[in-house]
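Undergrad:
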Amino acid sequence: MSAETSDEVVTFVRMDPVRNPYAPGAGQRPPELAGRTRQLDAFDVVLERVARGRPERSVMLTGLRGVGKTVLLNQLRSAAIGRGWGTGKIEARPDQDLRRPLSSALHMAVREIAPSHRDPERVENFLGVLKSFALRATADKGMRERWQPGIDAPAVKGRADSGDIEIDLVELLLDASSLARDVGVGIALFIDEMQDLSPADVSAICGACHELSQDAAPLIVVGVKSQGVVYDGRRVTPRGVMRSEPPASPPR
């Protein structure tokens, strides 16, 4: 159709709805991930250094809403999967304790690398530790309200089950990284909407990342957080975490 003005004729072309590249929706990947080369290349360096046993920091992506942080997070996860890493993803919620979703994500990651491990008993022992960690999420609930994690292994007592999230998370992630080291790969945990975690959970994650980095452990955490979020009036210092900020414009 045409619109006539005094000087020119402007022609409008109707977009084919099937071929239309515009895909509205949070986290949906656009046809081309433009303007993210720096972040993708930096993450490839992280993966390669970890694969070579070099100490490396976990990654925090920060930025305003709508700039494509979740899309980039998913792309980074694809890069880790492409290298044979075990991966798991969490979407944080303000009303949920960290133990439950993290247990599910780590369980998924370990299941991906377990078939390559030569010692099934070691894998089962770790799954028992993971189950004990997970059960602490509802330890103070009645029997009807207690959550039972879908981990097919008996709970192992005395490791990652103290009830102190900072202690338990360090022990759990170091044990998981040891399994990955046996196989010669890494584990990456991806956390979306990290600003919705409690200050205690964020502090525990940062502390665990610091320990993992010092140990040159093959396990990293990749988090996404909206810019400018303050936890209970204070900022949490990201020890052992490398920050990266995507460009302000969304990927095209």
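In my numbering, the protein residues as written are 4 to 255. Where is the CB? At the ideal position from N, CA and C, for every residue including glycine. Fair warning: this is a prediction, and the values are worked out from it, not measured in the lab.
Work out the CA separation of P202 and V239 for me, nearest whole Å.
TA: In this prediction, V239 has a pLDDT of 48, which is less than 50 and means its spatial position is unreliable; nothing more can be read from the coordinates.
Undergrad: Ignore the nearest five residues each way along the sequence and tell me which others in R114's own chain have a CB closer than 8 Å to its CB.
TA: G89
Undergrad: Can you check which of these residues, A140, V186, M111 and V173, is closest to I93 by C-alpha distance?
TA: Comparing Cα-Cα distances from I93 to each of A140, V186, M111 and V173, the minimum goes to M111.
Undergrad: Name the residue from A156, M197, A211 and D195 whose alpha carbon lies nearest to the alpha carbon of S180.
TA: Ranking A156, M197, A211 and D195 by CA distance to the CA of S180 puts A211 first.
Undergrad: Can you tell me the Cα-Cα spacing of N23 and V74, whole angstroms?
TA: 19 Å
Undergrad: Which stretch, first to last residue, makes up the beta strand (DSSP E) that contains F193?
TA: I190 to D195
Undergrad: Give the range of the alpha helix (DSSP H) segment to which I208 is assigned.
TA: P202 to Q217
Undergrad: By the three-class DSSP mapping on this structure, what secondary structure does S229 have?
TA: strand
Undergrad: Where does G187 sit, in a helix, a strand or coil, going by DSSP?
TA: For G187, the three-state secondary structure derived from DSSP is coil.
Undergrad: Can you name, in chain order, every residue of its own chain whose Cβ lies under 7 Å from the Cβ of R117, other than the five neighbours on each side?
TA: Reading the sequence as shown, one finds Ala at residue 117 and not Arg. Contacts found: V126.
Undergrad: Is the beta carbon of L43 sitting closer than 9 Å to the one on L79?
TA: yes
Undergrad: Using 8 Å for Cβ pairs, my map puts A288 next to I168. What's the rounded Cβ distance?
TA: Because the chain is modelled from 4 through 255, residue 288 falls outside the range shown and cannot be assessed.
Undergrad: Could you tell me which uninterrupted alpha helix (DSSP H) segments, each at least 4 residues in length, are contained entirely in the stretch 46–89, listed from first to last along the chain?
TA: 72–85
Undergrad: State the start and end residues of the unbroken beta strand (DSSP E) segment that holds V13.
TA: In the DSSP assignment, V13 falls within the unbroken beta strand (DSSP E) covering V12 to T14.
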